[in-house]
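Just below is one structure, and these are the notes that go with it.
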Amino acid sequence: KRVLELFVRGCRMDLDRARSKLEAYCLARARFRDLYEHRSLTCPPLNDVCKFMDIVVLPKLTDEGYRVTIFRIRAEYPESSADIANTVRAVLLTSDVRMYDEHQIAGDVFIYEVSNVRGSIVAHVAAAANAVRRSIQLAQAAYPQRLKRIHVVGSPPFLASSLALMRNCVNEKIKRRYYLHPKVEELLEHIPAQVLPREWGGDEENIDILAKKWRRRIDEVSPYLRIFNEACSTAKVPSNDVDIYGTVGAFRKLDID
Numbered sequence: 001k002r003v004l005e006l007f008v009r010g011c012r013m014d015l016d017r018a019r020s021k022l023e024a025y026c027l028a029r030a031r032f033r034d035l036y037e038h039r040s041l042t043c044p045p046l047n048d049v050c051k052f053m054d055i056v057v058l059p060k061l062t063d064e065g066y067r068v069t070i071f072r073i074r075a076e077y078p079e080s081s082a083d084i085a086n087t088v089r090a091v092l093l094t095s096d097v098r099m100y101d102e103h104q105i106a107g108d109v110f111i112y113e114v115s116n117v118r119g120s121i122v123a124h125v126a127a128a129a130n131a132v133r134r135s136i137q138l139a140q141a142a143y144p145q146r147l148k149r150i151h152v153v154g155s156p157p158f159l160a161s162s163l164a165l166m167r168n169c170v171n172e173k174i175k176r177r178y179y180l181h182p183k184v185e186e187l188l189e190h191i192p193a194q195v196l197p198r199e200w201g202g203d204e205e206n207i208d209i210l211a212k213k214w215r216r217r218i219d220e221v222s223p224y225l226r227i228f229n230e231a232c233s234t235a236k237v238p239s240n241d242v243d244i245y246g247t248v249g250a251f252r253k254l255d256i257d
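Numbering-wise, the sequence shown is residues 1 to 257 according to our numbering.
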């Protein structure tokens, strides 16, 4: 019931659109099983992602009712942990747990803190370009997401091509919601201090502590996610659903509110 309500609210009470997104949400598990087979950040292979990136869903909402999620590249990460395909799986896992937990919110704000990333990441992103495109299109077609802002902090020049890949996968409205910042201190101009973590000038706990709590929460919800995957695994993929990118059928390219 909670998930159904989330889809209806996320689609601005448009029942037909909510039904289409819910169908796509379920069909995704049959159509793209490789993206949904691993349901834990504490077990292989996704535990390695945590050496590369901290993923944190901040506990408090902004004054507008937005939920803020942080994706922070860790300092001195092992090169082998920078597996972008697995990172995509970890991000989708985070989205699924939020679907289970989330109550009424007005929208999403994503923060990508990438100042620690190395030049070799460009090759990693290029190698996983299909997974990146697929995940962005899934976010639009299959999740009741109302993406309000994307903040990219500390982006080095060599990330320009990777950021262009991400921006090219979304509509013009979302492209206008990208903000680039040289330092995390600028986030305080957009997000209240009571929401942000302590090392970024906020009042919330440190990112390391929040990331550990989030990993534990994922493991608590993991049994439900596996049952849901099994229930969707027998879903019949429409014959006209050739690919997710801009096709007809359940996975046609949709806008985010």
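The C-beta atom is built at its ideal place from N, Cα and C for all residues, glycine as well.
In three-state terms, what does DSSP make of residue i?
| i | result |
| --- | --- |
| HIS124 | helix |
| ARG9 | helix |
| LEU114 | The residue you asked about is not Leu; residue 114 is Val in the sequence shown. The answer is coil: DSSP assigns VAL114 none of H, G, I, E or B. |
| THR234 | coil |
| GLU37 | coil |
| ILE191 | coil |
| LEU180 | strand |
| ILE150 | strand |
| GLU205 | coil |
Residue i and residue j look like a contact to me (Cβ under 8 Å); what is the Cβ gap, rounded to whole Å?
| i | j | result |
| --- | --- | --- |
| GLU204 | LEU58 | 6 Å |
| ARG72 | ILE191 | Rounded, the Cβ-Cβ distance is 15 Å, inconsistent with contact. |
Which value, in whole angstroms, describes the spacing of the CA atoms of residue i and residue j?
| i | j | result |
| --- | --- | --- |
| LEU254 | TYR179 | Because LEU254 carries a pLDDT of 37, less than 50, the predicted location of this residue cannot be relied on, and the following value inherits that uncertainty. If you take the alpha carbons of LEU254 and TYR179, they lie about 22 Å apart. |
| MET99 | LEU138 | 14 Å |
| MET13 | GLY65 | 18 Å |
| ILE136 | LYS60 | 25 Å |
| VAL109 | VAL91 | 14 Å |
| GLY10 | LEU4 | 10 Å |
| TYR36 | ASP54 | 19 Å |
| ARG19 | GLY119 | 42 Å |
| THR234 | VAL125 | 31 Å |
| ARG176 | LEU41 | 32 Å |
| ALA211 | LEU165 | 27 Å |
| SER222 | PRO45 | 15 Å |
Since residue i sits in a beta bridge, which residues does DSSP pair it with?
| i | result |
| --- | --- |
| GLY107 | TYR66 |
| PRO157 | Looking at the DSSP assignment, PRO157 forms no beta bridge with any residue, so it has no partner. |
| PRO197 | GLU204 |
Quick check for students: name the residue ranges of the beta strand (DSSP E) that lie wholly in the stretch 12-90, counting only runs of 3 or more. 53-57 and 66-73
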